[in-house]
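Single-structure report; data block below.
In our numbering, the protein residues as written are 3 to 160.
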């Protein structure tokens, strides 16, 4: 039996992924004493926040997902498990990874890999959404690709 996700469900997942990424970059900004490096991390955290806002706007345009499960708690646990299986599994994990980073190049490498993982995640989910929601997935992919390009440009400028 095929499992289908609505565009709204995917946007909830995307928001969780971006929230975890924002926590990673904010923790790096809080950790460093170098102003130039702090500016880079704050920029990246801001980019994650922009993505959260974009995904929220897309979600508002689509309307709320209607869970088919009897219990709303089960539905939310289901969505959380999807978020936890991607990139950074939680805000705490993102902050812990940031604590283990030694330099800005390493931090950007982790960010680049996280964006690549997100792109792969959304690419795979394209086949799991209803036809009418595929545009939402494609918009999400484009946002992730844009972020990957921005991170790569930042790294090239170091």
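Where a beta carbon is used, it is the ideal one built from N, C-alpha and C, also for glycine.
Is it right to say residue 135 is buried, meaning 16 or more other beta carbons lie within 10 angstroms of its own, or is it exposed?
Counting Cβ neighbours within 10 Å, residue 135 comes out buried, since at least 16 surround it.
Going by other Cβ atoms of all chains shown within 10 Å of its Cβ, with 16 needed for buried, is residue 104 buried or exposed?
Residue 104 should be labelled exposed.
Measure the alpha-carbon distance for residue 109 versus residue 152 and round it to whole angstroms.
Taking the straight line joining both Cα atoms gives about 14 Å.
Within this structure, are the beta carbons of residue 164 and residue 124 separated by less than 9 Å?
Given that the chain is displayed from residue 3 to residue 160, the structure contains no residue 164 and the question cannot be resolved.
Go ahead and pull the three-state DSSP assignment for residue 103.
In the structure shown, residue 103 sits in coil (DSSP, three-state: anything other than H, G, I, E or B).
For a test of the three-state rule: what should DSSP assign to residue 18, helix, strand or coil?
If DSSP states are grouped into helix, strand and coil, residue 18 belongs with the helices.
For a test of the three-state rule: what should DSSP assign to residue 92, helix, strand or coil?
Here residue 92 sits in coil by DSSP.
Count the other CB atoms within 10 Å of the CB of residue 61; is the residue buried (16 or more) or exposed (fewer)?
Residue 61 comes out buried.
Less than 9 Å between the beta carbons of residue 46 and residue 18, yes or no?
No; because the gap between Cβ atoms is not below 9 Å, this pair is not in contact.
What number of angstroms, rounded off, separates the C-alpha of residue 11 from the C-alpha of residue 100?
If I take the Cα positions, the gap works out to 28 Å.
With DSSP as the reference, label residue 64 as helix, strand or coil.
Note: residue 64 maps to helix in three-state DSSP.
Within a Cβ cutoff of 8 Å, which residues of the same chain sit near residue 73, ignoring the five residues on either side of it in sequence?
Unreliable positioning characterises residue 73 in this predicted model, as indicated by a pLDDT of 41, which lies under 50. A coordinate reading is not provided.
Do residue 117 and residue 150 come within 9 Å of each other at the CB atom, strictly closer than that value?
Yes.
Between residue 13 and residue 93, how many whole angstroms is the CB-CB distance? I'm expecting something under 8 Å.
Not quite, the Cβ-Cβ distance comes to about 18 Å (not below 8 Å), so this is no contact.
Here's a check: name, in chain order, each residue in its chain whose Cβ is nearer than 7 Å to the Cβ of residue 160, leaving out the five neighbours to either side.
Here the set comprises 106, 107.
Apart from the five residues just before and just after residue 154, which ones in its own chain have a Cβ nearer than 8 Å to its Cβ?
Result list for residue 154: 114, in chain order.
Comparing C-alpha positions only, which one of 120, 141, 29, 48 sits nearest to residue 59?
Cα-wise, what sits closest to residue 59 is 141.
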